[in-house]
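Asks: The structure under discussion is supplied below as structure tokens; questions concerning it will follow.
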Amino acid sequence: MPSIRLLSPRLANQIAAGEVVERPASVVKELVENALDAGAGRVDVEIEQGGVKLIRVRDDGSGIAEDDLPLALSRHATSKIASLDDLEAVASLGFRGEALASISSVSRLTLTSRTEAQEAASRVEVEGREMDARISPAAHPVGTTVEVRDLFFNTPARRKFLRTEKTEFNHVEECLRRQALSRFDAGFTLRHNQRVVQSLRPAESPLDRERRIGSLCGQQFIDNAVVIDAEATGLRLWGWVALPTFSRSQADLQYFFVNGRVIRDRLVAHAVRQAYRDVLYNNRHPAFVLYLEVDPATVDVNVHPTKHEVRFRDGRLVHDFIFRTLHKALADVRPDDHFRGAVAQSFGREAAVDSPQAMPATGAPAGASWNGQPDVGDYRASTEAGNGYGRHQQAQQEWRASDQMAFYQSLNAGGGSEAQQAMPVSENAVAPMPTPPADSDQEPPLGYAIAQLHGIYILAQGRAGLIVVDMHAAHERITYERMKRALAEQDLKSQPLLVPISLAVSQKEAALTESHGEELQKLGLQIERIGPETLAVRQVPALLRGADTEQLVRDVLADLIEHGQSDRVEAVTHELLGTMACHGSVRANRQLTIPEMNSLLRDMEATERSGQCNHGRPTWTLVTLSELDKLFLRGR
1 MPSIRLLSPR
11 LANQIAAGEV
21 VERPASVVKE
31 LVENALDAGA
41 GRVDVEIEQG
51 GVKLIRVRDD
61 GSGIAEDDLP
71 LALSRHATSK
81 IASLDDLEAV
91 ASLGFRGEAL
101 ASISSVSRLT
111 LTSRTEAQEA
121 ASRVEVEGRE
131 MDARISPAAH
141 PVGTTVEVRD
151 LFFNTPARRK
161 FLRTEKTEFN
171 HVEECLRRQA
181 LSRFDAGFTL
191 RHNQRVVQSL
201 RPAESPLDRE
211 RRIGSLCGQQ
221 FIDNAVVIDA
231 EATGLRLWGW
241 VALPTFSRSQ
251 ADLQYFFVNG
261 RVIRDRLVAH
271 AVRQAYRDVL
281 YNNRHPAFVL
291 YLEVDPATVD
301 VNVHPTKHEV
311 RFRDGRLVHD
321 FIFRTLHKAL
331 ADVRPDDHFR
341 GAVAQSFGRE
351 AAVDSPQAMP
361 ATGAPAGASW
371 NGQPDVGDYR
381 ASTEAGNGYG
391 RHQQAQQEWR
401 ASDQMAFYQS
411 LNAGGGSEAQ
421 QAMPVSENAV
431 APMPTPPADS
441 DQEPPLGYAI
451 AQLHGIYILA
461 QGRAGLIVVD
471 MHAAHERITY
481 ERMKRALAEQ
491 DLKSQPLLVP
501 ISLAVSQKEA
511 ALTESHGEEL
521 QKLGLQIERI
531 GPETLAVRQV
541 PALLRGADTE
551 QLVRDVLADL
561 IEHGQSDRVE
571 AVTHELLGTM
581 ACHGSVRANR
591 QLTIPEMNSL
601 LRDMEATERS
611 GQCNHGRPTW
621 TLVTLSELDK
631 LFLRGR
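Take the sequence shown: its position 600, counting from 1, is numbered 600 in the UniProt record's numbering, and each next residue is one higher.
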């Protein structure tokens, strides 16, 4: 066994560099964060060969004094914290004092800086071997420039792991995009191989912020986004969340910032998924740019070398706040919110876009497959077969159809209740509604029905153009929301098991059932600990008596361990209600009268999340007058 000895400073820094400096994008991230911490209003990034040959970051921040330059390149040297109290309430992006030392140990680094109090600038150079700092005078305005050349020149093994120039540049571009999204008050420029790739001015006004979002995330995102801004219990959440119809095949447009720091956190991801649960199509991912502002003392950012993860002091409070804010924002979206831009486009021909996919005013882009998801043709085939959307879910359910319909009938018992309206509309339910002139300001957002197409779609006329409604999907959402409200008013009832179910669990899970007994009882579960690693399930929700009780309990306990709460019972209950709503909604080839169609349109306008059915498919779309003009070459 060799004797214990201290590592040399160079080797220690190179070990630290293995955690901090993964690729050129890691260097750009650390240097840009230092610039922003220095109060920079402008950050210029220039790279060559994907950042392997050169990375130059210049800012107009406060600069570094000449006497502090050698110390700035030393390990564990920083101006951002000085005590444990500072560490527990970090407000800056950087704080460990490792970045410059780690970068200089695997590259040829030159740092030039000048403070406002100095008449001339100074330069310090380090080459990654002996790490002896050489200081010399230089010409430079107030601010700092850091040049990193020949990254990993002295660690060939690390250099072999780098990808192609294009791949490394894409990582650098994504890194700068995140920084530009985090700080609207600063301007950014990115050059690659002497070519300007991105140039962003400071964005102070709301309009300028939206323009920056559109430039970095795509104009389609900002056109299909809902603006949110909510405060509660010392937390503030603001930003943009995309409509469910603007979903992605992968999670590549999700940016979440905590006090200006971009993070990837499982708690946040779970809260967002839960908010989108019954409005997002299967295997699709939401898009969002969100900013959470909290007291720095309530969040620990010192939990990961790259600082991409954080730990909240009260994670459950943060989770609930994010979920409820997003859930309410998505629920409050109504058809008239979609149409605000459509009317201007329809009557202002110069504002019309060339691509129907860029249309912001619809529940789904007109004339195209819905963001890569199955289009209405796929649904038509299923509805004509008389199975609606419930075929694949019904095959997965273990409950009998008679149990489902018995519960459904119980919700509609006691005539005159709101739940009773969940049943299919009947003939002559409402009187015919007169159609006002097209320029009437009193016209409803979804207009007025004019015809029914193949017993599947409702055609309505509005100021913006032709509105096409999938009547089964729309009525399914209306029925589903009413059934959820009816169930909430009745509370979740439990049913004792004739023979209790015994479960073998870990001691941690067993102890969890004792400490969360009241919460489990609210979910309709009565669970007792009958041994160190044994539980007995004595009661389950009456609605879920035919479900896999053992798996349900294990999933609930897993959620409690990871998130401090569980929505499994609610999720399974809503899944069952969704299946029941599907069977209780109007079917294909059902001929509706004009009053019935108008009644359905009015219900859609008053129902939460009416833009999607329970399975995330769009319920309606819009073909604007300008798009129809293009189809028929009017005005040419």
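Where is the CB? At the ideal position from N, CA and C, for every residue including glycine.
Just to confirm, is the Cβ distance from A271 to F323 under 8 Å?
Replies: In this structure, F323 lies closer than 8 Å to A271 by Cβ.
Asks: With a CB to CB cut of under 6 Å and the five nearest residues on each side skipped, what residues in its chain are close to E125?
Replies: Excluding sequence neighbours, E125 sits near T110, R134.
Asks: Can you give the Cα-Cα distance for R273 and P9, rounded to whole angstroms?
Replies: Answer to the nearest angstrom: the Cα atoms are 45 Å apart.
Asks: From the DSSP output, which residues share a beta bridge with Y255?
Replies: Looking at the DSSP assignment, Y255 forms a beta bridge with V289.
Asks: Using DSSP with H/G/I as helix, E/B as strand and the rest coil, what is R5?
Replies: It is coil, neither helix nor strand.
Asks: How would you call T233, buried or exposed, if buried means at least 16 neighbouring beta carbons within 10 angstroms?
Replies: Classification of T233: exposed, given that the 10 Å Cβ count is below 16.
Asks: Return the CA-CA distance between L190 and N170, expressed in angstroms with no decimal places.
Replies: So the alpha carbons of these two residues sit roughly 12 Å apart.
Asks: Look up G18 in the DSSP assignment and say whether it is helix, strand or coil.
Replies: Helix.
Asks: When the Cα atoms are used, what is the spatial distance from L11 to G50?
Replies: Approximately 26 Å between the Cα atoms of the pair.
Asks: Check whether the Cβ atoms of L600 and H475 sit closer than 8 Å, and answer yes or no.
Replies: Yes; because the gap between Cβ atoms is below 8 Å, this pair is in contact.
Asks: Let's test the definition: count the other Cβ atoms within 10 Å of the Cβ of E518 and tell me whether it reaches 16, buried, or not, exposed.
Replies: E518 should be labelled exposed.
Asks: Suppose contacts are defined by Cβ-Cβ distances below 8 Å. Is A17 in contact with S74 by that definition?
Replies: Cβ atoms of A17 and S74: not closer than 8 Å.
Asks: Measuring only the C-alpha atoms, how far is F347 from L631?
Replies: Per-residue confidence for F347 stands at a pLDDT of 44, beneath the threshold of 50, marking its modelled position as unreliable; the derived number appears in the next sentence. One C-alpha to the other measures close to 16 Å.
Asks: If we ignore side chains and look at the alpha-carbon of each, how far apart do Y448 and V468 end up?
Replies: Those two C-alpha atoms are separated by around 11 Å.
Asks: Taking the alpha carbon of V318 as the point to measure from, which residue in A89, S113, A180, Q565 has its own alpha carbon closest?
Replies: Measuring from the Cα of V318, the nearest candidate turns out to be Q565.
Asks: Thinking just about the alpha-carbon of each residue, which of D60, L100, V172 is nearest to the one in H76?
Replies: Cα-wise, what sits closest to H76 is L100.
Asks: Please classify I530: does DSSP put it in a helix, a strand, or coil?
Replies: Strand, per DSSP.
Asks: Rounding to the nearest angstrom, what Cα-Cα distance links L69 and A269 in this structure?
Replies: Rounded to the nearest angstrom, the two C-alpha atoms are 41 Å apart.
Asks: List the DSSP bridge partners of E443.
Replies: Looking at the DSSP assignment, E443 forms no beta bridge with any residue, so it has no partner.
Asks: What residue from L235, V241, G218, I222 has the CA that sits closest to I228's CA?
Replies: Cα-wise, what sits closest to I228 is V241.
Asks: Which same chain residues end up closer than 8 Å to I527 when comparing Cβ atoms and leaving out the 5 residues on each side of it in sequence?
Replies: T513, G517, L520, L535, A536, V537, R538, V553.
Asks: Any chance you could list the beta strand (DSSP E) runs of at least 3 consecutive residues sitting entirely within the UniProt domain "MutL C-terminal dimerisation" (449-592), in chain order?
Replies: Runs of the beta strand (DSSP E) inside the UniProt domain "MutL C-terminal dimerisation" (449-592): 457-462, 465-470, 494-504, 526-531, 534-541.
Asks: Looking only at its chain, what residues have a beta carbon closer than 7 Å to the beta carbon of A364, apart from the 5 residues adjacent to it on each side?
Replies: Any reading at A364 must be qualified, since the residue scores a pLDDT of 38, below 50, and its modelled position is unreliable; the value itself is stated next. Only T245, W370, P618, T621 meet the Cβ criterion.
Asks: Only counting runs of 4 or more residues, tell me where the alpha helix (DSSP H) segments fall wholly within the UniProt domain "DNA mismatch repair protein S5" (213-331), in order along the chain.
Replies: Counting only runs of 4 or more, we get 219-223, 266-275, 315-331.
Asks: Report the start-end ranges of each alpha helix (DSSP H) in the region 159-215 that is 4 residues or longer and not cut off at the edges.
Replies: Here the runs fully enclosed are 165-182.
Asks: According to DSSP, is D67 part of a helix, a strand, or is it coil?
Replies: Helix.
Asks: Taking the beta carbon of I81 as the centre, do at least 16 other beta carbons fall within 10 Å, making it buried, or is it exposed?
Replies: Flag for I81 reads buried.
Asks: According to the Cβ coordinates, are H140 and R114 closer than 8 Å?
Replies: Yes, the pair counts as a contact, with Cβ atoms nearer than the cut-off.
Asks: Between the alpha carbons of residue 637 and Q495, how many angstroms are there, rounded?
Replies: The structure shown has nothing for residue 637, since the chain only spans 1 to 636.
Asks: Taking the straight line between their C-alpha atoms, what separation do you get for E293 and R264?
Replies: Rounded to the nearest angstrom, the two C-alpha atoms are 15 Å apart.
Asks: If you pair each beta-carbon of the region 141-153 with each one of the region 49-68, do three or more pairs fall below 8 Å?
Replies: Contact between the region 141-153 and the region 49-68 is present, because at least three Cβ pairs lie under 8 Å.
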